[in-house]
Amino acid sequence: MRDLPTPSPHQTICLWSSNLTLILVGECQQILKNISGNFTSPHYPNIYPNNINCHWTITLAAGYRIKLFFPFLELEDRNSLTDMCDYDFVSVYDGDSETDTLLGQWCGSEQPPSLTSKGNKLLVVLSTDRNYAFKGFMASYIGGECSLIIV
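Numbering (our numbering), first residue to last: 97 to 247.
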């Protein structure tokens, strides 16, 4: 018989499901309200434009959380002098504003981990400079109703 892990006093249980609603606010600004979906950088899988600042806001019903994946990411590499994503990069915020908590920022061919929101909103931002362009990214997300179980 297998030993089961000892439960912590608090466990979060999420039930992930899917349905679809998409609101387009221009090619570079989207509000995603479906329970699950996919979105890509402009012109993916072709080269994205230079000098863009694109926003994808995922907004689900209260009580839902969002799990975000990046199956593909190809942007300009890190600055070799600063080792920072100074040129083209994707940022993910835990909320619907760039003033919310930054969950991470990626560039080059880095593979972001799957990310889970603390609430019902996530913001994905693609920022590019005026030089060099690549294929961009493909992202997938799924929403789940979560509840805190106190054991």
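Just so you know, even glycine gets a beta-carbon here, dropped at the ideal spot from N, CA and C.
{"Asked": "Using only the alpha-carbon positions, how far apart do residue 175 and residue 201 sit?", "Found": "14 angstroms"}
{"Asked": "Using the C-alpha atoms, what's the distance from residue 143 back to residue 169?", "Found": "12 angstroms"}
{"Asked": "With respect to the beta strand (DSSP E) encompassing residue 131, which residues constitute its N-terminal and C-terminal limits?", "Found": "Unbroken run through residue 131: none, as it is neither H nor E."}
{"Asked": "Under the rule that 16 or more other beta-carbon atoms within 10 Å means buried, what is residue 106, buried or exposed?", "Found": "Confidence at residue 106 is low in this model, with a pLDDT of 42, below 50, so the placement of that residue is unreliable and no value is reported for it."}
{"Asked": "Suppose you measure from the CA of residue 138 to the CA of residue 149; what does that come to, to the nearest Å?", "Found": "11 angstroms"}
{"Asked": "Using the beta-carbon count (16 or more within 10 Å), is residue 235 buried or exposed?", "Found": "buried"}
{"Asked": "Is it a yes or a no for the region 130-137 touching the region 188-206, going by three-plus beta-carbon pairs under 8 angstroms?", "Found": "no"}
{"Asked": "Looking at C-beta atoms only, is the number of pairs between the region 175-185 and the region 149-161 that lie closer than 8 angstroms three or more?", "Found": "no"}
{"Asked": "Can you round the beta-carbon distance between residue 233 and residue 186 to whole angstroms, since I take them to be within the 8 angstroms contact cut?", "Found": "6 angstroms"}
{"Asked": "Could you tell me how far apart the beta carbons of residue 211 and residue 222 are, in whole angstroms, since I believe they sit closer than 8 angstroms?", "Found": "Contact doesn't hold; Cβ gap of about 15 angstroms is too wide."}
{"Asked": "Excluding the five sequence neighbours on either side, which residues of its own chain have a C-beta within less than 6 angstroms of the C-beta of residue 134, listed in chain order?", "Found": "236"}
{"Asked": "Give the single residue among 203, 145, 124, 164 whose Cα lies nearest to the Cα of residue 227.", "Found": "145"}
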